[in-house]
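**Q**
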Amino acid sequence: MKDAGGVFGGISQASPFVKRKKYLGSNLKWLKRDWQLYVLLLIPLFFVILFKYGAMYGLVISFKDYKIVKGIMGSEWVGLEIFRKVFSNRNFPQALRNTLLLNILDLVVSFPMPIILALLLNEIKNKYFKKVTQTLLYLPHFLSWIIIGAIAYQLFSLNNGIVNEFIANMGGERIPFLQEDTRWLISYIVIGVWQTMGWGTILYLAAITAVNPELYEAATVDGAGRWKQCIHVTLPCIKPTIITLLIMNLGKVMGGSFERVHSLMNVATTEYTTTIPVLVYKWGIQDIKYSESAALGLFQSVIGLILVLVADRVAKRLGENGLL
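Counting from 1, one number per residue, gives the positions in the sequence shown under the UniProt record's numbering.
1) Check whether the Cβ atoms of Cys-230 and Leu-119 lie closer than 8 angstroms to each other.
2) Could you check if Ile-61 is buried or exposed, using at least 16 other CB atoms within 10 Å of its CB as the buried criterion?
3) Helix, strand or coil: which one does DSSP assign to Lys-130?
4) Skipping 5 residues on each side, what residues in its chain have a beta carbon closer than 6 angstroms to that of Cys-237?
5) Between which two residues does the alpha helix (DSSP H) carrying Tyr-290 extend?
6) Tell me the start and end of each unbroken alpha helix (DSSP H) in the region 149-217 that is at least 4 residues and wholly inside, in chain order.
7) Would Leu-50 and Ala-294 qualify as a contact pair, given that the criterion is a beta-carbon distance under 8 angstroms?
8) Below 8 angstroms between beta carbons: does that hold for Gly-255 and Gly-304?
9) Suppose contacts are defined by Cβ-Cβ distances below 8 angstroms. Is Asp-181 in contact with Thr-99 by that definition?
10) Please classify Arg-260 as buried or exposed, where buried requires at least 16 neighbouring CB atoms within 10 angstroms.
11) Quick one: grab the DSSP three-state call for Asp-65.
12) Take the Cβ of Thr-135 as the centre, count every other Cβ of all protein chains shown within 10 Å, and call the residue buried at 16 or more, exposed below.
13) Taking 7 angstroms as the line, does the beta carbon of Gln-36 fall inside it for any heavy atom of the ligand GTP?
14) Can you list the beta strand (DSSP E) stretches of 3 or more residues lying completely in the region 77-131, in chain order?
15) Using the three-state DSSP reduction, which class does Glu-271 fall into: helix, strand or coil?
16) Thinking just about the alpha-carbon of each residue, which of Leu-309, Phe-111, Phe-87, Gly-297 is nearest to the one in Ala-55?
17) For chain B, check one thing: does any of its Cβ atoms lie closer than 8 angstroms to the Cβ of Leu-119?
18) What do you get for Trp-35, buried or exposed, if any count of 16 or more other CB atoms within 10 angstroms of its CB means buried?
19) What distance in whole Å lies between the Cβ atoms of Leu-139 and Phe-156, which are believed to be in contact at a cut-off of 8 angstroms?
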């Protein structure tokens with residue numbers, strides 16, 4: 001009996017090892033089968049480590065009087081003095097105001113558009129027409145903002161833009177789409193919607209295809225038409241996706257795209273085009289103020305992180321899943 005107990009005890013003790021061995025064996029089997037995919041994964045992983053985590057080392061210069069000849073570690077530590085310089089700079093209040101204004105307007109106008117467009121695309125039954133429409137809507141996403149800016153000036157330039165030439169030939173008065181502050185603001189939002197709207201539908205269309213068809217059948221039996229099915233079935237089912245993307249977009253309220261503003265800005269529209277990303281570029285590249293540029297970028301990132309955390313907490317308080 002003692003020997004039997006020892007044998008069974010040995011089996012009992014060995015069982016976790018056996019399970020672990022089977023688990024590792026199954027993982028190695030997946031690795032051997034899909035090794036090409038894991039190799040492809042190394043490229044974006046290397047990119048993230050190098051340009052996202054590696055660049056964090058440079059944040060130290062936000063707290064130093066950085067001199068190129070002394071390097072990061074050799075420069076004098078000044079604590080929060082650089083942040084005081086940034087916040088007292090005469091351009092900072094205007095940049096903060098413009099950043100919030102442009103990004104909040106962009107969020108309010110641009111965020112619902114992919115949802116609406118995805119719902120409309122979902123109603124198209126002709127597969128060929130649907131694919132052609134999606135392709136045309138996705139194309140602007142692959143254009144750089146420099147190209148989009150050039151197209152915008154060719155279309156809306158006051159003196160020789162195609163739109164203004166047409167208006168003038170029809171006997172109308174030329175409209176300064178990109179030369180007057182308020183009209184530039186409207187053009188900025190509209191062009192941004194055009195560039196991002198199509199690509200933004202991809203996640204929503206994926207969420208819509210995951211909706212259980214039986215829910216639509218039950219709604220049809222209850223007498224609901226396509227509009228009511230959209231409101232009472234589709235939208236509630238894709239609500240988690242909407243909330244997740246909303247939280248992620250709220251984190252960009254203090255950021256925004258430097259390329260987008262820079263490609264559309266001109267001397268006549270500095271009232272709205274002085275934003276935090278533009279100021280980071282100006283201080284860091286043009287004025288060689290690396291410490292001030294890094295401090296402003298760090299401030300921007302911290303506020304963005306706080307907005308994401310607050311939005312996530314609010315979503316959870318309201319009974320939603322949130323992001324984190």
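Note that CB positions come from ideal geometry on N, CA and C, so glycine has one too. Just so you know, these numbers come straight off a predicted model, no measurement behind them.
**A** Quick look at the numbers:
1) Position 230 of the sequence shown, counting from 1, holds the residue named residue 230. Position 119 of the sequence shown, counting from 1, holds the residue named residue 119. Yes; because the gap between Cβ atoms is below 8 angstroms, this pair is in contact.
2) The residue labelled residue 61 in the question sits at position 61 within the sequence shown. Buried, since its Cβ has 16 or more Cβ neighbours within 10 Å.
3) For the purposes of this step, residue 130 is identified with residue 130 of the sequence shown, where counting begins at 1. Three-state DSSP puts Lys-130 in a helix.
4) If you number the sequence shown from 1, residue 237 lands on position 237. Answer for Cys-237: Val-211, listed in chain order.
5) Looking up residue 290 in the sequence shown gives position 290. 290-317 is the span of the alpha helix (DSSP H), which, as asked, contains Tyr-290.
6) 162-169, 181-209
7) Translated into the one-based positions of the sequence shown, residue 50 becomes position 50. Translated into the one-based positions of the sequence shown, residue 294 becomes position 294. No, the Cβ-Cβ distance between Leu-50 and Ala-294 is not below 8 angstroms.
8) In the sequence shown, residue 255 corresponds to position 255, counting from 1. In the sequence shown, residue 304 corresponds to position 304, counting from 1. For Gly-255 and Gly-304, yes; Cβs fall inside 8 angstroms.
9) Position 181 of the sequence shown, counted from the first residue, corresponds to residue 181. Position 99 of the sequence shown, counted from the first residue, corresponds to residue 99. Result no, Cβ atoms of Asp-181 and Thr-99 do not sit closer than 8 angstroms.
10) Looking up residue 260 in the sequence shown gives position 260. Result: buried.
11) What you label residue 65 is simply residue 65 of the sequence shown in a count that begins at 1. Here Asp-65 sits in strand by DSSP.
12) In the sequence shown, residue 135 corresponds to position 135, counting from 1. Exposed.
13) The model depicted lacks the ligand GTP and carries no ligand whatsoever.
14) none
15) Start at 1 with the first residue of the sequence shown, and residue 271 comes out as number 271. The answer is helix: DSSP assigns Glu-271 an H, G or I state.
16) Residue mapping note: residue 55 aligns to position 55 of the sequence shown, counting from 1. Selected option, being the one with the closest Cα: Gly-297.
17) No chain B appears in this structure, which consists of one protein chain only.
18) For the purposes of this step, residue 35 is taken as the residue at position 35 of the sequence shown. Under this definition Trp-35 is an exposed residue.
19) Walking along the sequence shown from the start, residue 156 turns up at place 156. Walking along the sequence shown from the start, residue 139 turns up at place 139. Not a contact, Cβ separation roughly 20 angstroms.
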